[in-house]
Amino acid sequence: MDEIEKIISRYDEAYVADSLRSLDDINRFTGTFVKDVAEIYDCITRMRNIERNPTGFDLEDAPILGLLTRMWKLLKEIVTYYEKDNAEIINVLERPLIEAAITAEYLLISDSSVIEDYRKCSYKDRLRILRELKEGSRFFETKAGKRLLKSVQEKMDLEDFTEDDFKVQKKNRWKLQGKTFFDIFKEITDEELYKYTYGIMSESIHGSWNESMDWCLQKNEDATFTVYPFYHEADVRYISPTLRFCNESYRLWLKRIDCEDENMTNVLDWIERVNNRIFMIFDQKYDGPNG
1 MDEIEKIISR
11 YDEAYVADSL
21 RSLDDINRFT
31 GTFVKDVAEI
41 YDCITRMRNI
51 ERNPTGFDLE
61 DAPILGLLTR
71 MWKLLKEIVT
81 YYEKDNAEII
91 NVLERPLIEA
101 AITAEYLLIS
111 DSSVIEDYRK
121 CSYKDRLRIL
131 RELKEGSRFF
141 ETKAGKRLLK
151 SVQEKMDLED
161 FTEDDFKVQK
171 KNRWKLQGKT
181 FFDIFKEITD
191 EELYKYTYGI
201 MSESIHGSWN
211 ESMDWCLQKN
221 EDATFTVYPF
231 YHEADVRYIS
241 PTLRFCNESY
251 RLWLKRIDCE
261 DENMTNVLDW
271 IERVNNRIFM
281 IFDQKYDGPN
291 G
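Counting along the sequence shown from 1, when you hit position 244 you're at 244 in this note's numbering, and nothing is skipped either side.
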């Protein structure tokens, strides 16, 4: 795609080398680079082999495409907060990005039965809505209730599902293939990364005490706490490692939809090389707190 070629053309070796000289340069360059990577991912989700998919993607492909789209949307938001120097909000956004990336890759290496299971697992709360309707909940007499019910019924009709089609999912407690996310994570990547990324990021979602100490409080000399009303600054460590989870899903997607070619392979290889280079040089130069 012309859009991708236009992005890549800006990154000659002289520009990259000059942008990695100091920590300030590296942090600034990383924001620009990741913003461009998100645009490349966006472009990939708009690619289509018209012989394979003349109009769009069916229920075998669409769940994966949805996750890939979610990934670049979240990545664009992460870049926005990176440019605002707001590490705290980045920490909130990265967890769903990693979850989408791992799940997408898992679906891409699985067969159609797993993709159907993934779709069915998403109906857990929607089936509860249908049960509450039968139980006479007055919520469904309201405009909001009617809109919600219509949405659920339209989706069920689209997939030709009935309320009796979810016995396996109920047995597996609505977990994909009966697996925890950790089970899926370690099938896709190094399980040791789980606790340092997705695991510890859960604190940003659940409001843990350690999360509050890290981001929202300052400790006084007498062991009391007062509010920390500012946002912590962001640097490469808040964005570059997360990017490592993303690339493979887009690579597998291009192969799946028959859009893989040497040019796109080189583009994704280039993303990995530059991202690794950024992190290694940053790590060599960084000498701040907890360095």
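Glycine included, each C-beta is placed from N, C-alpha and C at the ideal position.
Since the structure is predicted, the reported quantities are computational estimates derived from the model, not experimental observations.
On the three-state DSSP scale, how would you describe T180? In the sequence shown, the residue the question calls residue 180 occupies position 180. Reduced to three states, the DSSP call for T180 is coil.
If we require 3 or more residues per run, which beta strand (DSSP E) segments fall completely within the region 204-235? 217-219 and 225-227
Nearest-angstrom beta carbon gap, R52 and D258 [assumed within contact, 8 angstroms]: Against the sequence shown, residue 258 aligns to sequence position 258. Against the sequence shown, residue 52 aligns to sequence position 52. About 5 angstroms; that satisfies the 8 angstroms criterion.
Less than 8 angstroms between the C-beta atoms of Y123 and F181, yes or no? Walking along the sequence shown from the start, residue 123 turns up at place 123. Walking along the sequence shown from the start, residue 181 turns up at place 181. Not in contact: Y123 and F181 (Cβ atoms no closer than 8 angstroms).
Three-state secondary structure (DSSP) of E163: Walking along the sequence shown from the start, residue 163 turns up at place 163. Coil.
Can you list the alpha helix (DSSP H) stretches of 4 or more residues lying completely in the region 41-98, in chain order? 62-83
Buried or exposed for L59, going by 16 or more other Cβ atoms inside 10 Å? Taking the sequence shown and counting its residues from 1, one reaches residue 59 at position 59. The residue in question, L59, is exposed, as its Cβ has fewer than 16 Cβ neighbours within 10 Å.
Which residue from E99, R48 and V34 puts its Cα closest to that of T80? Within the sequence shown, residue 80 is the residue found at index 80, counting from 1. Cα-wise, what sits closest to T80 is V34.
Less than 8 angstroms between the CB atoms is what I'm expecting for I212 and R95, so what's the real figure, rounded? On the sequence shown, position 212 is the one that residue 212 refers to. On the sequence shown, position 95 is the one that residue 95 refers to. According to the sequence displayed, residue 212 carries Ser and not Ile. 17 angstroms between Cβ atoms; not a contact.
Buried or exposed (CB count within 10 angstroms, at least 16 for buried), W209: The count along the sequence shown starts at 1 and reaches residue 209 at position 209. When all chains shown are included, W209 counts as exposed.
Would you report the Cα separation of I4 and A38, rounded to the nearest angstrom? Here residue 4 refers to the residue found at position 4 of the sequence shown. Here residue 38 refers to the residue found at position 38 of the sequence shown. Spanning the two alpha carbons is a distance of roughly 11 angstroms.
Along the chain, where does the alpha helix (DSSP H) containing Y238 start, and where does it finish? The residue given as residue 238 occupies position 238 in the sequence shown. Unbroken run through Y238: none, as it is neither H nor E.
Where L158 and S240 are concerned, what is the direct C-alpha to C-alpha distance, given to the nearest angstrom? For this step, residue 158 is matched to residue 158 along the sequence shown. For this step, residue 240 is matched to residue 240 along the sequence shown. Answer to the nearest angstrom: the Cα atoms are 39 angstroms apart.
Reference M1, options V274, M264 and D287, closest by Cα: For this step, residue 1 is matched to residue 1 along the sequence shown. The option with the nearest alpha carbon to M1 is M264.
With a 10 Å radius around its C-beta and 16 neighbouring C-beta atoms as the bar for buried, classify N91 as buried or exposed. In the sequence shown, the residue the question calls residue 91 occupies position 91. N91 should be labelled buried.
Can you tell me whether DSSP reads Y123 as helix, strand or coil? For the purposes of this step, residue 123 is taken as the residue at position 123 of the sequence shown. Three-state DSSP puts Y123 in coil, outside helix and strand.
Tell me the DSSP secondary structure of L148 in three-state form. Along the sequence shown, one-based indexing puts residue 148 at 148. Reduced to three states, the DSSP call for L148 is helix.
How many angstroms separate the CA atom of E187 from the CA atom of E105? Taking the sequence shown and counting its residues from 1, the one referred to as residue 187 is at position 187. Taking the sequence shown and counting its residues from 1, the one referred to as residue 105 is at position 105. Rounded to whole angstroms, E187 to E105 spans 10 angstroms at the Cα level.
For S9, does the three-state DSSP call read helix, strand or coil? Here the question's residue 9 lines up with position 9 in the sequence shown. If DSSP states are grouped into helix, strand and coil, S9 belongs with the helices.
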